[in-house]
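Working notes for the structure below.
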Amino acid sequence: MLAREPIIPRTDRPFKTSIVFAHDKGTSVLFKVLSAFAFRNISLTKIESRPHRNRPIRLVDDENVGTAKHFEYLFYVDFEASMADVRAQNALAEVQEFTSFLRVLGSYPMDMTPWTPSSSIQNIE
Numbered sequence: 011m012l013a014r015e016p017i018i019p020r021t022d023r024p025f026k027t028s029i030v031f032a033h034d035k036g037t038s039v040l041f042k043v044l045s046a047f048a049f050r051n052i053s054l055t056k057i058e059s060r061p062h063r064n065r066p067i068r069l070v071d072d073e074n075v076g077t078a079k080h081f082e083y084l085f086y087v088d089f090e091a092s093m094a095d096v097r098a099q100n101a102l103a104e105v106q107e108f109t110s111f112l113r114v115l116g117s118y119p120m121d122m123t124p125w126t127p128s129s130s131i132q133n134i135e
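Numbering (my numbering), first residue to last: 11 to 135.
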């Protein structure tokens, strides 16, 4: 989403946040990242992997097995929480422990219709 003025993340309406991350070593990193959100009851709306453009393949030497090739990926994740939400901040702090690269691409309202506290109350007659 593009906007002339930045949208300040809040917790009074539903927000979505987009991140991208990568990792250099280890296995089960994706599982650990997803667990950081699951333990905090944060719903994911998208998980996408793309080959790392600058380093698509990494060679790893293992004394017992020989040379192995590992594909390098960037993972894009969207989740339902605002960056103002403490749960999201804690999840990303944990994600940062497992990844070599983490960037928040944006945090934005899920619904762009003008919102006021009274708009969430319906008149019932």
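Beta carbons: idealized from backbone N, C-alpha and C, even for Gly.
Under the 10 Å beta carbon count, L54 is surrounded by fewer than 16 other beta carbons and is classified as exposed. Annotated three-state conformation of R113 is strand, per DSSP. Boundaries for R60: no alpha helix (DSSP H) harbours it, while the beta strand (DSSP E) harbouring it runs 54 to 61, taken from the DSSP string. Taking the Cα positions, R60 is about 15 Å away from V39. At a Cβ-Cβ threshold of 9 Å, F25 and M93 count as neighbours.
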